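The listed protein sequences derive, respectively, from chains A and B. Numbering-wise, the first sequence is residues 1 to 270 according to my numbering. Numbering-wise, the second sequence is residues 1 to 248 according to my numbering. Just so you know, even glycine gets a beta-carbon here, dropped at the ideal spot from N, CA and C. Given the structure is predicted, the values throughout are model-derived calculations rather than measurements.
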Amino acid sequence: MAALADDKKPHLEEARPITIDVGDGAAIPSKKDVGLFTAWRVAFFGAIAIIVYLVVFKPDPYLDIIKFVPDGILVTFQVTVLSILLALVIGLFTGLGRISKNPLINGISSLYVEVIRGIPLLVQLFYIYFALGRIVQMPPLPSAVLAMGICYGAYMGEIFRAGIQSIPKGQTEAARSLGMTHAQSMYHVILPQAFRTILPPVGNEFVALLKDSSLVSILAVADLLRRGREFAAESFAYFETYTVVALVYLIITLFLSKLISIMEERIGAE
Amino acid sequence: MQNNTRRKMVEMKGVVKFFGRLKALDNVSLDVYDGEKVVIIGPSGSGKSTLLRSVNRLEEINAGTIIVDGHEISDPKTNINKVREEVGMVFQQFNVFPHKTVLENLTLAQRVVRKRSKSDAEKIAKDLLAKVGILEKAGEYPTKLSGGQQQRVAIARALAMQPKLMLFDEPTSALDPEMIGEVLDVMVKLAKEGMTMIVVTHEMGFAREVSDRVIFMDEGKILEEGSPEHFFKNPSHERARQFMRQIL
């Protein structure tokens, strides 16, 4: 007689917690993972100590390098922040599209995700700047932001989709039962809750994007890596320059990972 | 109880619903009149929740017609949101909004759907919270509340829309025994005020106290209907007799 399990079906889904795990970027140092937490401290303070040591005891060429690269850090941040904002907007619509019941919208979003995830970021950068440049010539920075935003939008779309789907179906049903439209229940009920689940992986993507932004140096965008290359080309101090560039990237990504883990703890504590 | 001068709030004719190959509703017809309280009972998987959920189109039916408050909701052209404004629903799992305070749970749809001002919505909300006995929790988040309190918030949230019909889908099944009473009390109060109610429940005490009619479902069909007393004393159908023995 229990063949029709429909009475209980909607409730089973509510018990299933979903965590989104994106294995990209530097590991977020959670206090629970003692090994990683220690590793974070060693790496972060170690990197700072090495830079300070080198600048103080070997000012030639390290002091010159340290003076030359900060302009690049600003550009790196500029590219990263603009790209992530674009990726968030694209990701939201892609995520909504991927769960849409409309076959056309669903098809387009899925196709976008499949195509973009199947092409290396470096090739996408080349494509937008050089190949499409024959049709619409764009300056390097907008090209870079567009390419990175489109690429990361596809990954972000999957995070949004998983985040939205992690909210129990009963929430949508309750909202719709009160007379809310699909859009209203998304905006007022589902997305604010999904946001908490989405935030850590989005932070992780931010760190990953910051690292990948070094690829834009090939488009004549004067980011951290590009500034390093320029310095090295003039001074021939390749070893010294790239050591500093690597350490600066490491310090930035470790710092951001830490910020994300603090943010995550705050959300969890609420 | 069939009084033909009374208005029909819900009119279901020949309703069929499939889940894949399973026939969850098998040619079900049911009328519920304005002000009537109908209790639906039946074993797990008998289709009673599906029947209830099809009344506000949370389940789309495959055949038949359903008319709610004069609107044919089985017609895809009907604006279901307009109908749902008038039909409150209470779920087994409460489904309160965890990211909103108790008060905000009650005001959200009033503001967004009914377009009431903040002060109007809050006044209605506070009156209802007082009525269900949790006004002092207005500023809390629902996760801090017990199951019974959450369910009372959910009932008040549905009532805040001032619906014409209330649907209850096993409202006490997920509650600890000591909290069932406080939720049933609210429902009894509501019934005595004249609300039209369709309630899926196993609480026969509630059925006896307030319901006009009890409907017994099995395998997607309505097998028997009658007064609560009829079901207590002498259900005619063997399946109904068996079921009553199990739950009493």
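Taking residue i as part of the beta strand (DSSP E), name the residues at either end of that continuous run.
i         : result
Glu225(B) : 221-226
Phe19(B)  : 8-19
Ile41(B)  : 37-41
If you run the structure through DSSP and keep just helix, strand and coil, what is residue i?
i         : result
Ala144(A) : helix
Lys23(B)  : strand
Leu145(B) : coil
Asp64(A)  : helix
Ser110(A) : helix
Arg207(A) : Looking at the sequence provided, one finds Val at residue 207(A) rather than Arg. In the structure shown, Val207(A) sits in a helix (DSSP, three-state: H, G or I).
Ser29(B)  : strand
Leu139(A) : The sequence shown places Pro at residue 139(A), rather than the Leu named in the question. Of the three classes helix, strand and coil, the one that applies to Pro139(A) here is coil, per DSSP.
Met180(A) : coil
Lys58(A)  : coil
Asp33(A)  : coil
Asp127(B) : helix
Ile251(A) : helix
Ala138(B) : coil
Ala220(A) : coil
Asp212(A) : helix
Gly25(A)  : Caution is warranted here: a pLDDT of 49 is assigned to Gly25(A), below 50, making its placement in the model unreliable, and the coordinate value is therefore given only provisionally. Residue state, collapsed to three classes: coil.
Pro235(B) : coil
Val115(A) : helix
Lys258(A) : helix
Gly133(A) : helix
Val132(B) : coil
On the criterion of 16 or more Cβ atoms from any shown chain inside 10 Å, does residue i qualify as buried, or is it exposed?
i         : result
Tyr53(A)  : exposed
Pro85(A)  : For the sequence presented, residue 85(A) should be read as Leu rather than Pro. Label assigned to Leu85(A): exposed.
Leu146(A) : buried
Pro228(B) : buried
Ile119(A) : exposed
Ser213(A) : buried
Phe45(A)  : exposed
Phe57(A)  : exposed
Gln149(B) : buried
Glu224(B) : buried
Arg161(A) : buried
Ala154(A) : buried
Phe231(B) : buried
Ala191(B) : buried
Lys100(B) : buried
Gly45(B)  : buried
Asp75(B)  : exposed
Gln242(B) : exposed
Asp6(A)   : Residue confidence for Asp6(A) is low, a pLDDT of 41 falling below 50, so the modelled location carries little weight; the figure read from the coordinates is stated next. Asp6(A) should be labelled buried.
Phe97(B)  : buried
Could you pull out every residue in the same chain whose Cβ sits closer than 8 Å to the Cβ of residue i, ignoring the five residues on either side in sequence?
i         : result
Ala175(A) : Gln184, Ser185, His188, Val189, Ile190
Leu12(A)  : In this predicted model, Leu12(A) has a pLDDT of only 40, less than 50, meaning its place in the structure is not dependable; the value taken from the coordinates is given anyway. Excluding residues within five positions, none has a Cβ falling inside 8 Å.
Leu106(B) : Ala121, Ile124, Ala125, Leu128, Leu129, Val153, Ala156, Arg157, Ala160
Asn56(B)  : Val68, Ile73, Ile80, Val83, Arg84, Val87, Met89, Leu167
Lys8(B)   : Asp31, Val32, Tyr33, Asp34, Ile67
Gly72(A)  : Ala222, Asp223, Leu224, Leu225, Arg226, Arg227, Gly228
Val112(B) : none
Ile61(B)  : Val15, Val16, Lys17, Leu25, Ser54, Ser74
Take residue i and list the residues in its own chain whose beta-carbon comes closer than 6 Å to its own, dropping the five residues that flank it on each side.
i        : result
Ala3(A)  : Because the pLDDT at Ala3(A) is just 41, under 50, the model does not fix this residue reliably, and the value given afterwards should be weighed accordingly. Contacts found: none.
Phe91(B) : Asp169
Gly25(A) : Model confidence at Gly25(A) stands at a pLDDT of 49, short of 50, so the residue's coordinates are unreliable; what they give is reported in the following sentence. Same-chain partners within the cutoff: Asn204, Val207, Ala208.
Arg6(B)  : Tyr33, Asp34
Give the range of the alpha helix (DSSP H) segment to which residue i is assigned.
i         : result
Gln78(A)  : 70-98
Ile167(A) : It is not in any alpha helix (DSSP H) - Ile167(A) carries neither H nor E in the DSSP assignment.
Ser235(A) : 224-235
Glu238(B) : 238-247
Val123(A) : 121-126
CB-CB under 7 Å to residue i, same chain, minus the five flanking residues each way: which ones, in chain order?
i         : result
Leu247(A) : Ala47, Ile50, Ile51
Glu158(A) : Val113
Glu240(A) : Pro61, Tyr62, Ile65
Ile267(A) : Arg196, Leu199
Leu215(A) : Leu121, Leu122, Leu125
Ile108(A) : Gly97
Ile262(A) : none
For the ligand ZN, is there a heavy atom less than 7 Å away from the beta-carbon of residue i?
i         : result
Val112(B) : Absence of the ligand ZN is noted for the structure shown, with no ligands found whatsoever.
Item to check | Contiguous alpha helix (DSSP H) assignments of at least 4 residues, all confined to the segment 45-124 of chain B | outcome: 48-55, 80-85, 102-112
Checklist entry - Along the chain, which unbroken stretches of the beta strand (DSSP E) at least 3 residues long are found entirely within the segment 159-230 of chain B? => result 165-169, 196-200, 213-218, 221-226
Next on the checklist: Against chain E, which members of the segment 168-189 of chain A pass a CB distance test of less than 8 Å?
Outcome noted: Absent from the structure is chain E; the protein chains it does hold are A and B.
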